[in-house]
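Here the sequence shown is numbered in full-length UniProt numbering, starting from 1 and rising by one per residue.
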Amino acid sequence: MISGLGQNGFGHQALEIFSKMLADGEKPNMVTFATVFSASSQLKQIALGKSLHGFSLKYGFMDKVDIIFQTSLLHMYANSGNIHHARKIFDEMSERNMVSWNIIMDAFFSNGLFGKALSLFKEMISAGWRYPRSSIITLVLQICGISTDIRMGKEVHGFMLKCIKGILDPESALECNSIIDMYIKAGDLESAILLFDRMPERNLVTWTTLILGYGIHGLSVEALEAFNEMKRSGISPDEIAFIAILSACNHGGLLNEGRELSIL
Numbered sequence: 001m002i003s004g005l006g007q008n009g010f011g012h013q014a015l016e017i018f019s020k021m022l023a024d025g026e027k028p029n030m031v032t033f034a035t036v037f038s039a040s041s042q043l044k045q046i047a048l049g050k051s052l053h054g055f056s057l058k059y060g061f062m063d064k065v066d067i068i069f070q071t072s073l074l075h076m077y078a079n080s081g082n083i084h085h086a087r088k089i090f091d092e093m094s095e096r097n098m099v100s101w102n103i104i105m106d107a108f109f110s111n112g113l114f115g116k117a118l119s120l121f122k123e124m125i126s127a128g129w130r131y132p133r134s135s136i137i138t139l140v141l142q143i144c145g146i147s148t149d150i151r152m153g154k155e156v157h158g159f160m161l162k163c164i165k166g167i168l169d170p171e172s173a174l175e176c177n178s179i180i181d182m183y184i185k186a187g188d189l190e191s192a193i194l195l196f197d198r199m200p201e202r203n204l205v206t207w208t209t210l211i212l213g214y215g216i217h218g219l220s221v222e223a224l225e226a227f228n229e230m231k232r233s234g235i236s237p238d239e240i241a242f243i244a245i246l247s248a249c250n251h252g253g254l255l256n257e258g259r260e261l262s263i264l
């Protein structure tokens, strides 16, 4: 019951059942603690998380090796914003999987610690994890874009091309969209356009990202050309694409063109 409530977003109710179980004298097992850690992570309450951690120590579960238990504890601290404890749990893990790496990197990213998140990515690769999941690659590219670390972004792009082809397709729309977005945010529009031109398939997100990039760099004419080319290719713009092109037209002084688009 605790697991079902936690998995369906009822963290408070799951913890109430857990408290009742303890009051009734029932001894929780490792799976129970992993479940309540996950339920607690939804509530983002550091004090509660520490209390649950203390309970697990009392029952001696921290002395046992279980990656699900440890990963749930890591996620609880990371999701509550307790980076210090999250990193401590991560460092003490006897075994790590891709999920645990993803959790700790995302925790650093969410708290604005971009440099530490990138250092963890390098540490993960050095530790032999040559095939990171798509969400990690997307996260790292996002960090590179926000922090304008174009050198690291290009390294990740090259890493994708050399090491993980077949695991993550470097020519797929999902991965390419992330790389294009990274280049644009980092100020390297030329590399973004080169990658865009090499893509065998482009979706609405791809086109919208390019249009936004042109707008950010003040190239309203190019943004309008891309918008029209997108429509000619058979892709219909959505609200976000319209906002992107209207913004580009307004910033570039193409007021008439923007007005024409606004009445479509």
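Where is the CB? At the ideal position from N, CA and C, for every residue including glycine. Computed from a predicted model, the values in this text were never measured in an experiment.
Same chain only: Cβ atoms within 6 Å of residue i, ignoring 5 sequence neighbours per side
i	result
Trp-101	Met-124
Ser-126	none
Leu-254	Ser-220
C-beta atoms of residue i and residue j nearer than 7 Å
i	j	result
Leu-224	Ala-244	no
Asp-181	Thr-206	no
Phe-121	Val-140	yes
Ser-38	Ser-72	yes
Ile-179	His-157	yes
Ile-68	Ala-107	no
Coil, strand or helix - residue i by DSSP
i	result
Thr-209	helix
Ile-235	coil
Ser-247	helix
Met-199	coil
Glu-190	helix
Glu-222	helix
Arg-130	coil
Asp-181	helix
Leu-52	helix
Ser-100	helix
Asn-79	helix
Thr-148	coil
Leu-113	coil
Lys-154	helix
Asp-217	Reading off the sequence, residue 217 comes out as His, not Asp. His-217 falls in the coil class under three-state DSSP.
Asp-106	helix
Residue i versus residue j: straight-line alpha-carbon distance, rounded
i	j	result
Asn-177	Ala-192	9 Å
residue 266	Ser-94	The question about residue 266 has no answer here: the residues shown for the chain are numbered 1 through 264.
Ser-147	Ala-186	7 Å
Ser-110	Ile-136	13 Å
Tyr-131	His-53	32 Å
Arg-232	Glu-155	34 Å
Ala-117	Asn-97	16 Å
Ala-241	Ala-34	43 Å
Lys-20	Arg-151	54 Å
Asp-66	Asn-228	55 Å
Gly-128	Ser-119	15 Å
Ser-56	Arg-202	50 Å
Met-230	Phe-196	12 Å
Val-36	Met-30	10 Å
Glu-92	Gln-70	9 Å
Ala-173	Asp-149	22 Å
Lys-27	Gly-112	40 Å
Arg-198	Ile-216	22 Å
Gly-81	Ala-47	11 Å
Residues of its chain near residue i, where Cβ-Cβ distance is below 8 Å and the 5 sequence neighbours each way are ignored
i	result
Gly-145	Gly-153, Asp-181, Met-182, Tyr-183, Ile-184, Lys-185 and Ala-186
Tyr-214	Leu-189, Ser-220, Glu-222, Ala-223, Ala-226 and Ala-248
Close-in-space but distant-in-sequence residues of the same chain around residue i (CB under 7 Å, 5 per side omitted)
i	result
Phe-90	Leu-74, Ser-100 and Ile-104
Tyr-77	Gly-49, His-85, Ala-86 and Ile-89
Leu-204	Ile-235, Asp-238 and Ala-241
Contact with chain D by residue i, beta-carbon distance below 7 Å
i	result
Ala-86	This model lacks chain D altogether, as it is built from one protein chain only.
Residue i: CB within 6 Å of a non-hydrogen atom of the ligand SAH
i	result
Ala-107	With respect to the ligand SAH, the structure offers nothing, as it holds no ligand at all.
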